[in-house]
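What follows is a single structure, written as C-alpha cells, with notes after it.
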Amino acid sequence: MRIGELSERTGTPRRMLRYYEEQGLLVPGRSANGYREYDERCVDRVLQIRGLLDSGLPTRVIKQVLPCLNQPRAIHVAGATPETIALLERERDRMTQRIECLVRSRDAISGYVEAVRRAGGPGTGEAAGTPALHAPAALHAPPAVPEPAPAYDLAVSA
DNA sequence: ATTCTAACA
DNA sequence: TGTTAGTA
1 MRIGELSERT GTPRRMLRYY EEQGLLVPGR SANGYREYDE RCVDRVLQIR
51 GLLDSGLPTR VIKQVLPCLN QPRAIHVAGA TPETIALLER ERDRMTQRIE
101 CLVRSRDAIS GYVEAVRRAG GPGTGEAAGT PALHAPAALH APPAVPEPAP
151 AYDLAVSA
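Just so you know, we're using UniProt numbering here: the first sequence kicks off at 1 and counts up by one.
Right, here's the structure in full:
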C-alpha cells in the first residue's frame, strides 16, 4: 500500500509517516516511481510506534528498542545489551510515574464530574450521560495502543 | 489523482 | 504543524 492508505488505516498524518521513516522507525520499500510502498505489517508497526511515542519514548529510543519488542527476541538477543536493558528499565519507571500522574488526573476529573452531577449540574436528567470519560479502548494489546495525551494542567498537586 | 523532496515561519 | 513549490 502507499502512504495514503497507511495514513488512513492508522489515522496517522502522511507527514508523520515520513517523519518516522526519517527517524529510522519505518523502512518502506520504494516502487519505480519513487513512491513509498508499505506492507500489511506496517499498520501494526505504526500503531506500535505511536503507542510508544504516546508513552513518552523519544524516537531514538524507539528506534533502538523496536526490533527487540517485535518478533523473535532470540534474534534480537544481540540488542539486549546491559546498556539497553538499563535504558528500558529507566523508561519503564518513567511510564510508571506517568501512569500515576494520569491516575491522579483522572480521579481529579472524575471527582469533579461526579460532584457536578450530585449538585444537579448540567446534563442531569437530560439525554446524554457523560460521554465516557474513560473510553473503552482496547488497552495495550500487542501493538501498543495510543492513549490520549494527559493534560498536565489538570494534574493534582500531590 | 497521488506522492516526492525541501523549506519556511 | 501548516503549507507551498515544482516534480515524476
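Beta carbons: idealized from backbone N, C-alpha and C, even for Gly.
Cβ-Cβ distance between Cys42 and Pro58 below 8 Å: Here residue 42 refers to the residue found at position 42 of the first sequence. Here residue 58 refers to the residue found at position 58 of the first sequence. It is not a contact, given that the beta carbons lie outside the stated cut-off.
Near Arg94, which residues of its chain fall below 7 Å by C-beta distance, leaving aside the five closest residues on each side in sequence? Counting from 1 along the first sequence, the entry for residue 94 is found at position 94. These residues qualify, in order along the chain: Gly56.
Applying the 10 Å Cβ sphere with the 16-neighbour rule, what's the burial state of Ile85? Locating residue 85 in the first sequence gives position 85, counting from the first residue. Classification for Ile85: exposed.
Identity of the residues DSSP links to Arg45 by a beta bridge: In the first sequence, counting from the first residue as 1, residue 45 sits at position 45. According to DSSP, Arg45 bridges with nothing at all.
Based on Cα-Cα distance, which residue from Ala115, Pro122 and Glu21 lies nearest to Tyr38? The residue labelled residue 38 in the question sits at position 38 within the first sequence. Comparing Cα positions, the closest option is Glu21.
When burial is assigned at 16 or more other CB atoms within 10 Å of the CB, is Arg92 buried or exposed? Here residue 92 refers to the residue found at position 92 of the first sequence. So Arg92 ends up on the exposed side.
Measuring straight from C-alpha to C-alpha, what distance separates Arg15 and Ser7? Residue mapping note: residue 15 aligns to position 15 of the first sequence, counting from 1. Residue mapping note: residue 7 aligns to position 7 of the first sequence, counting from 1. Each residue's Cα considered, the two are about 9 Å apart.
Does Glu37 come out as helix, strand or coil in the three-state DSSP assignment? Along the first sequence, read from residue 1 onward, the residue named residue 37 stands at position 37. If DSSP states are grouped into helix, strand and coil, Glu37 belongs with the strands.
Bounding residues of the alpha helix (DSSP H) (the contiguous stretch that carries Ala115): Locating residue 115 in the first sequence gives position 115, counting from the first residue. From DSSP, the alpha helix (DSSP H) with Ala115 extends over Pro82 to Arg118.
Mind checking whether Val65 and Leu88 have CB atoms under 8 Å apart? Mapped onto the first sequence, residue 65 falls at position 65. Mapped onto the first sequence, residue 88 falls at position 88. Yes.
From the DSSP output, which residues share a beta bridge with Gly29? Start at 1 with the first residue of the first sequence, and residue 29 comes out as number 29. Note: Gly29 sits in a beta bridge opposite Glu37.
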